[in-house]
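Those protein sequences? They're chains R and P, same order as listed. Every position in the first sequence, counted from 1, becomes a number in the working numbering once 23 is added. Every position in the second sequence, counted from 1, becomes a number in the working numbering once 23 is added. Below is one structure, written out as structure tokens; comments come after it.
2 protein chains.
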Amino acid sequence: MRISQLADATGVGIPTLKYYLREGLLHAGEAESATRASYDASHVERVRLVRTLIDVGRLSIERVREVVAALEHPPATRHELLGTAHDVLRAHDQPRLGSPADGIAPAAVGQVAALGAPPCADSPAARQLGLALTAASAAGWPISDHTLETWAGAMRTVAGQDIDAALAGTSSADALRYAIVGNVLTDPVIIALRRVAQEQLSAEMLGGTGGQFR
Amino acid sequence: MRISQLADATGVGIPTLKYYLREGLLHAGEAESATRASYDASHVERVRLVRTLIDVGRLSIERVREVVAALEHPPATRHELLGTAHDVLRAHDQPRLGSPADGIAPAAVGQVAALGAPPCADSPAARQLGLALTAASAAGWPISDHTLETWAGAMRTVAGQDIDAALAGTSSADALRYAIVGNVLTDPVIIALRRVAQEQLSAEMLGGTGGQFR
DNA sequence: AATAGTGGATAGCGCTACTATCCAATGTCA
DNA sequence: TGACATTGGATAGTAGCGCTATCCACTATT
């Protein structure tokens with residue numbers, strides 16, 4: 024498969040593919056001669072992965088590079104694997120709110136611990152939660168323990184749906200790709216479902232039989 | 024309050040404030056003379072709102088302008104209000120996947136309808152859900168009806184937590200700001216909770232008493 | 001009178017993610 | 001054999017976004 028065919032197969036232009044090659048997002052094709060290389064199904068799959076991460080997940084090129092680096096040297100244990108996936112999916116660095124290393128409020132640390140999660144320093148997910156709680160609080164939107172616990176219960180239900188499949192890949196690289204792509208593609212679904220539920224609840228309160236709004 | 028004081032109060036530089044004024048994100052101060060205007064608490068609040076939407080919500084300047092425009096002409100009914108908020112919080116336009124108007128797969132339309140949500144064309148949230156389902160499916164990650172229903176139930180729980188407060192603002196503008204800012208600040212919390220739950224479930228399966236993986 | 005701050009306008013910058021152009025080497029087809 | 005297209009590789013340029021810097025005339029303060 025030539026680069027032009029790779030371009031046709033993926034819908035991505037040749038200059039962009041060359042860019043991805045330069046940036047290390049796409050592994051080189053097998054060189055047949057000085058001016059010829061052949062690409063295969065793995066390249067098609069890789070390009071689709073990159074486009075999904077960029078288009079749907081809004082990951083930067085730099086983040087995507089982290090993903091492919093992880094895929095090429097996947098962590099050995101399943102636990103590290105999920106940590107790697109979550110690390111790559113961490114929130115973007117916020118320009119103004121705190122420095123990257125610290126920035127988690129003590130109260131947020133306590134809330135994270137109260138959920139039974141590992142300490143913020145020990146897991147990407149816990150750290151991300153701490154940062155999100157801190158950001159909300161700093162913006163004048165503190166989240167009560169009760170609300171957080173309710174949400175956490177709901178999200179445990181959500182997580183239960185696909186955690187089996189996420190870690191059941193035949194190889195570490197498969198499982199890692201599964202965990203990353205799965206979260207990237209389904210996070211928007213989760214958020215959209217939240218909005219739909221908000222609208223439904225709102226409609227019930229406003230339009231239900233005798234239901235009056237507050 | 025002078026512009027320099029506004030800058031001090033918000034941590035945003037004067038050139039940036041001037042930029043926000045130019046772009047219509049920040050309303051003009053009250054002109055006292057040709058070279059003097061005074062700003063008040065409403066400006067401080069507005070700047071903080073803008074920074075929250077940009078830093079935490081990753082909204083573009085254009086989107087923030089939509090938010091501000093909506094705040095200045097808030098919709099009359101509570102139902103329209105939530106629609107406006109959700110419209111502003113819709114996913115970013117994806118460069119490659121489909122045109123903006125259509126692009127929702129028929130199967131996704133059916134799944135949205137099966138949840139009891141309004142048709143995709145009628146509500147921003149339903150439309151966003153349709154798009155997310157379509158994108159996932161196109162990327163080779165179809166979401167089963169069962170999974171979707173489970174997730175929807177969980178998200179109803181989540182939505183129940185703050186829908187009262189979201190619509191209970193004293194004015195339409197307050198309620199609108201509440202709905203927008205609340206979602207912007209808490210979406211990252213929801214997603215982080217999902218990750219934490221994934222790690223907890225994974226740890227239970229891997230490390231529990233006699234628990235074996237898969 | 002000197003100075004510093006202001007509103008207003010215009011231009012430039014840094015970054016990201018491409019996109020375009022050029023080149024020599026090679027493959028392809030007449 | 002020779003014209004022509006394509007390729008890999010390198011380098012440079014572009015578009016858009018979100019600021020940032022500079023300049024100016026004016027005005028309030030000292």
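Each residue gets a CB set at the ideal place from its N, CA and C atoms; glycine is no exception.
Continuous beta strand (DSSP E) stretch holding residue 56 of chain P: start and end
53 to 56
Which runs of the alpha helix (DSSP H), 4 residues or longer, sit entirely within the segment 137 to 208 of chain P?
147 to 161 and 168 to 189
Residues bridged to residue 59 of chain P (per DSSP)
P:56
Can you round the beta-carbon distance between residue 203 of chain P and residue 90 of chain P to whole angstroms, since I take them to be within the 8 Å contact cut?
6 Å
Between the Cα of residue 192 of chain R and those of R:168, R:84, R:94 and R:25, spot the shortest distance and give me the residue it belongs to.
R:94
Rounded to whole angstroms, how far is the Cβ of residue 72 of chain R from the Cβ of residue 200 of chain R, which I believe are closer than 8 Å?
7 Å
Thinking just about the alpha-carbon of each residue, which of R:144, R:35 and R:207 is nearest to the one in residue 128 of chain R?
R:144
Using a threshold of 8 Å, state whether the C-beta atoms of residue 173 of chain R and residue 180 of chain P are closer than that.
yes
For residue 51 of chain R and residue 155 of chain R, I'd like the C-alpha separation in whole angstroms.
39 Å
Let's see if you can read the secondary structure: which residues bound the alpha helix (DSSP H) around residue 38 of chain P?
37 to 46
Examine chain P for any beta-carbon lying closer than 8 Å to the beta-carbon of residue 102 of chain R, and answer yes or no.
yes
Using beta carbons (cut-off 8 Å, strictly below), is residue 139 of chain R in contact with chain P?
yes
CB residue 195 of chain R to CB residue 104 of chain R, shorter than 8 Å?
yes
Beta carbon of residue 147 of chain P, beta carbon of residue 110 of chain P: below 8 Å?
yes
What residue range is occupied by the uninterrupted alpha helix (DSSP H) comprising residue 105 of chain R?
101 to 111
Any chain R beta carbon closer than 8 Å to residue 73 of chain P:
no
Should residue 100 of chain R be labelled buried (16 or more other beta-carbon atoms within 10 Å of its own) or exposed?
exposed
Name the chain R residues that come within less than 7 Å of residue 210 of chain P, Cβ to Cβ?
214
Return no unless some Cβ of chain R is closer than 8 Å to the Cβ of residue 114 of chain P.
yes
Can you tell me whether DSSP reads residue 83 of chain P as helix, strand or coil?
coil
Less than 8 Å between the C-beta atoms of residue 213 of chain P and residue 217 of chain R, yes or no?
yes
Suppose the cutoff is 8 Å on Cβ atoms and the five residues either side in sequence are ignored; what does the same chain contact list for residue 26 of chain P look like?
37, 40, 41, 52, 60 and 62
What does the alpha-carbon distance come out to for the pair residue 116 of chain R and residue 86 of chain R?
11 Å
For residue 124 of chain R, name the three-state secondary structure that DSSP assigns.
For residue 124 of chain R, the pLDDT reaches just 48, beneath the cut-off of 50, and the residue's location in the model is therefore unreliable, leaving the point undetermined.
Does any C-beta atom of chain P lie closer than 8 Å to the C-beta of residue 37 of chain R?
no
Opening and closing residue of the alpha helix (DSSP H) in which residue 66 of chain P lies:
64 to 78
In whole angstroms, what separates the C-alpha of residue 261 of chain R from that of residue 49 of chain P?
In the structure as shown, chain R starts at 24 and stops at 237, and residue 261 of chain R therefore has no counterpart that could be examined.
Identify the continuous alpha helix (DSSP H) that holds residue 31 of chain P and give its terminal residues.
26 to 33
Can you give the Cα-Cα distance for residue 131 of chain P and residue 152 of chain P, rounded to whole angstroms?
8 Å
Whose C-alpha, out of R:227, R:168 and R:222, is nearest the C-alpha of residue 136 of chain R?
R:168
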